[in-house]
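S.K.: To convert, note that position 118 of the sequence shown is 125 in my numbering; the numbers rise steadily by one, no gaps. Cβ coordinates follow ideal geometry from the N, Cα and C atoms, glycine included. Can you keep this structure in mind? I'll have questions shortly.
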Amino acid sequence: IMPGSGLGSSAASAAASAVAINEALGLGLTDKELIKFASLGEVAAAGVPHADNVSASIMGFFTAIVSHEPFEVIQLFMPENVKFVIATPEMTLETHKARSVLPRQVTLSDAVHNIARAVAFVTGVLTDNLTLMGLGMNDLIAEPYRAGLIPGFSEVKKGALESGALGVAISGSGPSVLALVDASKNVENKVAKAMKKGFEVKGIRCGVMVTKPGPGARIVRREEK
8 IMPGSGLGSS AASAAASAVA INEALGLGLT DKELIKFASL GEVAAAGVPH ADNVSASIMG
68 FFTAIVSHEP FEVIQLFMPE NVKFVIATPE MTLETHKARS VLPRQVTLSD AVHNIARAVA
128 FVTGVLTDNL TLMGLGMNDL IAEPYRAGLI PGFSEVKKGA LESGALGVAI SGSGPSVLAL
188 VDASKNVENK VAKAMKKGFE VKGIRCGVMV TKPGPGARIV RREEK
């Protein structure tokens, strides 16, 4: 995972380290304990021990931190037809820079909007409603400020939606852009081409991949001495 791409590279490396150490030393830590330790690795990237990304890296699929004190995290499995098209431009956007442009205060209407959209997304996950999930990706708090740091974002988003994507959002803190598609509609390749074109019209090369939610960090090989 390329650093500074908005795809959770720091969280993935922290999660992998925690899982590997837990296995090597036979510590028997639970997922919640692994998340708390791995989140400390996020300090190097973001300055604070965020657990949001490491929880997804360790547990997989869809996770949400519902409480910090006491620490509680939930895991949900997404609908079978969910696929994501991810366009990653050949540029980096450091997390601390992406966070620095966010407002310290937001209007009540924007807060209400984003809370409603978060509820819509989770409801979509629970009810296998991809249209509702797409609606839930509409953001008025972070995206308007971070979009200016990603040349071509508006073109990429517009092209993806016009090509059949159900929702589009900045992945993490950017610059990667994430589009939700329904696998049964077979539009992922069309969406991928549109997203790539959106960056290229701004003179920015990008890589595109089609993927789906998967499991978290796990031991893939053991080597005995």
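Would a C-beta distance cut-off of 7 Å place glutamate 58 and serine 46 closer than the cut-off?
M.R.: One-based indexing of the sequence shown puts residue 58 at position 51. One-based indexing of the sequence shown puts residue 46 at position 39. Here residue 58 is alanine; the residue named in the question, glutamate, does not match the sequence. With a cutoff of 7 Å on beta-carbon distance, alanine 58 and serine 46 are scored as near each other.
S.K.: Can you grab the Cα-Cα spacing for the pair arginine 153 / valine 227, in whole Å?
M.R.: As a first step, residue 153 must be located in the sequence shown, where it is residue number 146. As a first step, residue 227 must be located in the sequence shown, where it is residue number 220. So the alpha carbons of these two residues sit roughly 36 Å apart.
S.K.: Less than 6 Å separating the Cβ of leucine 142 from some heavy atom of the ligand MG?
M.R.: By its list of ligands, the structure shown contains no ligand whatsoever, and the ligand MG lies outside what it can speak to.
S.K.: Taking 7 Å as the threshold (C-beta atoms), are alanine 201 and alanine 176 in contact?
M.R.: Taking the sequence shown and counting its residues from 1, the one referred to as residue 176 is at position 169. Taking the sequence shown and counting its residues from 1, the one referred to as residue 201 is at position 194. Between alanine 176 and alanine 201, the CB-CB gap reaches or exceeds 7 Å.
S.K.: On the three-state DSSP scale, how would you describe methionine 85?
M.R.: Within the sequence shown, the letter at position 78 stands for residue 85. DSSP places methionine 85 in coil when its eight states are reduced to three.
S.K.: Are the stretch 28–46 and the stretch 119–127 touching by the rule of at least three beta carbon pairs closer than 8 Å?
M.R.: no
S.K.: Using only the alpha-carbon positions, how far apart do isoleucine 157 and serine 180 sit?
M.R.: One-based indexing of the sequence shown puts residue 157 at position 150. One-based indexing of the sequence shown puts residue 180 at position 173. The alpha-carbon atoms of isoleucine 157 and serine 180 are separated by roughly 10 Å.
S.K.: Touching or not, the stretch 94–104 and the stretch 192–211, by the rule of three or more beta carbon pairs under 8 Å?
M.R.: yes
S.K.: Of the residues Ala27, Glu49 and Asp146, which one's Cα is nearest the Cα of glycine 174?
M.R.: Position 167 of the sequence shown holds residue 174. Ranking Ala27, Glu49 and Asp146 by Cα distance to glycine 174 puts Asp146 first.
S.K.: State buried or exposed for isoleucine 81, treating a residue as buried only when at least 16 other CB atoms are found within 10 Å of its CB.
M.R.: Residue 81 sits at position 74 when you count from the first residue of the sequence shown. Exposed.
S.K.: Under the rule that 16 or more other beta-carbon atoms within 10 Å means buried, what is aspartate 189, buried or exposed?
M.R.: To locate residue 189, count along the sequence shown from 1; it is residue 182. So aspartate 189 counts as buried.
S.K.: If you measure between the beta carbons of serine 17 and glutamate 40, is that distance less than 7 Å?
M.R.: One-based indexing of the sequence shown puts residue 17 at position 10. One-based indexing of the sequence shown puts residue 40 at position 33. Serine 17 is not a Cβ neighbour of glutamate 40, given a cutoff of 7 Å.
S.K.: Check whether the Cβ atoms of glycine 131 and asparagine 60 lie closer than 7 Å to each other.
M.R.: Working through the sequence shown from its first residue, we reach residue 131 at position 124. Working through the sequence shown from its first residue, we reach residue 60 at position 53. Not closer than 7 Å, so no.
S.K.: Just tell me which of Ala22, Gly141 and Ala21 has its CA closest to the CA of asparagine 88.
M.R.: For the purposes of this step, residue 88 is taken as residue 81 along the sequence shown, with counting starting at 1. For asparagine 88, the nearest C-alpha among the options comes from Gly141.
S.K.: Checking 7 Å against the spacing of the C-beta atoms, do phenylalanine 44 and alanine 63 come in under that value?
M.R.: On the sequence shown, residue 44 is found 37 positions in, with the first residue counted as 1. On the sequence shown, residue 63 is found 56 positions in, with the first residue counted as 1. It is not a contact, given that the beta carbons lie outside the stated cut-off.
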